[in-house]
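Enquirer: Numbering (this note's numbering), first residue to last: 122 to 347. Just so you know, even glycine gets a beta-carbon here, dropped at the ideal spot from N, CA and C. On a predicted model such as this, the values are computed, not experimentally measured, just so you know.
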Amino acid sequence: MKNQPNPSLKIIYEDNHLLVVDKPAGTLMQGDQTGDITLLEIARSYIKEKYQKPGDVFLGLVHRIDRPASGVVVFARTSKAAARLTVQFQTKQVTKIYRVLVEGKIPDSGTWKDDILRDNVTSRIVKSGKGQPAELHFRRLNYENGYSLAEVEIVTGRHHQIRVQFAHRGFPVFGDLRYGSKTKFNDGTAIALHSYLLSFNHPTKNERMTFVSEPDASWGLYINLR
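1) Tell me which residue opens and which closes the alpha helix (DSSP H) that valine 141 is part of.
2) What is the rounded straight-line gap between the Cα of valine 333 and the Cα of histidine 323?
3) Using DSSP with H/G/I as helix, E/B as strand and the rest coil, what is glycine 152?
4) Taking the alpha-carbon positions, what's the glycine 147 to serine 191 distance?
5) Just verifying my parser: in three-state terms, what is the DSSP assignment at serine 339?
6) Nearest to tryptophan 318 by alpha carbon, out of Gly296, Ile186, Gly341, Gly176?
7) To the nearest angstrom, how far is the alpha carbon of glycine 252 from that of aspartate 153?
8) So aspartate 229 and arginine 260 are supposed to be a Cβ contact under 8 Å. How far apart are they, rounded?
9) Whose C-beta lies closer than 8 Å to the C-beta of histidine 280 among residues of the same chain, with five residues either side of it excluded?
10) Valine 294: which of Ser166, Pro336, Val221 sits nearest, CA to CA?
11) Indicate the three-state DSSP secondary structure (helix, strand or coil) for serine 334 in the structure shown.
12) Would you kindly work out how many angstroms separate the C-alpha atoms of arginine 188 and serine 129, rounded to a whole number?
13) Go through the region 165-220 residue by residue and report every complete run of the alpha helix (DSSP H) that reaches 4 residues or more, in order.
14) Check this for me: beta carbons of leucine 140 and leucine 149, under 8 Å apart or not?
15) Would glutamate 224 be called buried (16 or more neighbouring beta carbons within 10 Å of its own) or exposed?
16) Please name the residue, chosen from Ala164, Leu262, Ile227, Arg329, that lies closest to alanine 197 on a Cα-to-Cα basis.
17) If you reduce the DSSP assignment to three classes, tell me which class isoleucine 354 lands in.
18) The beta strand (DSSP E) that contains valine 285, what's its start and end?
19) I'd like the list of long-range same chain contacts for lysine 310, defined as Cβ closer than 7 Å, with 5 residues on each side in sequence excluded.
20) Taking Cβ to Cβ, would you say isoleucine 428 is nearer than 8 Å to glycine 296?
21) Using only CA atoms, which one of Gly278, Arg347, Thr199 lies nearest to alanine 255?
22) Under three-state DSSP, which class holds glutamate 224?
23) For leucine 257, tell me which candidate among Lys226, Glu265, Ile218, Asn266 has the shortest Cα-Cα distance.
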């Protein structure tokens, strides 16, 4: 039997082609060696029960966020939507903005470009040409108590990109023990990295869809979120 942290699902939006949810920190996106229940399985169960669908339910996983991170995630409810959303992610038509709480005082704003090499469960910055190019834009929203609250737009979608690029410059994500943080966040299963905004074209309608999720209130124990 699979371990079940909390099979509840916070729905942000749904229609015949899309299911947009707010992923809790600590929940897997898809299966791994732990055997823990995944957000994909929870979402499939929700669709199956709500619409009384027999047999296997199609739900397309078109992007991922890290297990200890939280925030906006979109699933495709049809194969057509899955194919079209996948193309949008691949061709950088999707806007992905994160909120992140890091240790130390970061610059007011900037753009970071690095080469990232994935080593099994971690990634690292390497010399140009030795890894995959990674780019992000950031701006600092607040600084207090030794922490910076930042808004980050990722141009590329590399493994652990935000975590690696900030940690490489001496600003580890709060709670991210894997990349140099000295402090656990909440119960140790979470890091202060949140998928804040996701914007894309609806797969079947001529309409831009934008979804926002605020970080957990627990972030406010460390910094003013407003």
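Expert: The relevant details are as follows:
1) If you number the sequence shown from 1, residue 141 lands on position 20. From DSSP, valine 141 is part of no alpha helix (DSSP H) but of the beta strand (DSSP E) over 139-144.
2) Residue numbering aside, residue 333 sits at position 212 when the sequence shown is read from its first letter. Residue numbering aside, residue 323 sits at position 202 when the sequence shown is read from its first letter. Distance between the alpha carbons of valine 333 and histidine 323 is about 16 Å.
3) Numbered from its first residue, the sequence shown carries residue 152 at position 31. DSSP places glycine 152 in coil when its eight states are reduced to three.
4) For the purposes of this step, residue 147 is taken as the residue at position 26 of the sequence shown. For the purposes of this step, residue 191 is taken as the residue at position 70 of the sequence shown. Cα-Cα distance, rounded: 8 Å.
5) Your numbering for residue 339 matches position 218 in the sequence shown. Helix.
6) As a position in the sequence shown, residue 318 is number 197, starting the count at 1. According to the sequence shown, residue 318 is leucine rather than tryptophan. Closest option to leucine 318, Cα to Cα, is Ile186.
7) In the sequence shown, counting from the first residue as 1, residue 252 sits at position 131. In the sequence shown, counting from the first residue as 1, residue 153 sits at position 32. For glycine 252 and aspartate 153, the distance between alpha carbons rounds to 25 Å.
8) On the sequence shown, residue 229 is found 108 positions in, with the first residue counted as 1. On the sequence shown, residue 260 is found 139 positions in, with the first residue counted as 1. Yes, they are in contact, since the Cβ atoms of aspartate 229 and arginine 260 sit about 7 Å apart, within 8 Å.
9) As a first step, residue 280 is located in the sequence shown; it is residue number 159 there, counting from the start. So the list reads Ile237, Arg239, Ser244, once near-sequence residues are dropped.
10) As a position in the sequence shown, residue 294 is number 173, starting the count at 1. Nearest of Ser166, Pro336, Val221 to valine 294, Cα basis: Val221.
11) Counting from one through the sequence shown, the residue named residue 334 turns up at place 213. In this structure, serine 334 counts as coil in the three-state DSSP scheme.
12) The residue you call residue 188 lines up with position 67 of the sequence shown. The residue you call residue 129 lines up with position 8 of the sequence shown. Their backbone Cα atoms lie some 16 Å apart in a straight line.
13) 200-211
14) In the sequence shown, counting from the first residue as 1, residue 140 sits at position 19. In the sequence shown, counting from the first residue as 1, residue 149 sits at position 28. No, the pair does not count as a contact, with Cβ atoms beyond the cut-off.
15) Counting from one through the sequence shown, the residue named residue 224 turns up at place 103. Glutamate 224 should be labelled buried.
16) Taking the first residue of the sequence shown as 1, we reach residue 197 at position 76. When only C-alpha atoms are compared, the closest one is Ala164.
17) Residue coverage of the chain in this structure runs from 122 to 347, which leaves residue 354 outside it and unanswerable.
18) Counting from one through the sequence shown, the residue named residue 285 turns up at place 164. Here valine 285 belongs to no beta strand (DSSP E); instead the alpha helix (DSSP H) covers 282-289.
19) Residue mapping note: residue 310 aligns to position 189 of the sequence shown, counting from 1. Position check: residue 310 holds threonine in this sequence, whereas lysine was assumed. Cβ within range, chain order: Ala146, Gly147, Pro189.
20) Because the chain is modelled from 122 through 347, residue 428 falls outside the range shown and cannot be assessed.
21) Within the sequence shown, numbered from 1, the residue matching residue 255 stands at position 134. It is Gly278 whose Cα lies nearest to the Cα of alanine 255.
22) Residue numbering aside, residue 224 sits at position 103 when the sequence shown is read from its first letter. Looking at glutamate 224 - three-state DSSP - the assignment turns out to be strand.
23) The residue you call residue 257 lines up with position 136 of the sequence shown. The option with the nearest alpha carbon to leucine 257 is Ile218.
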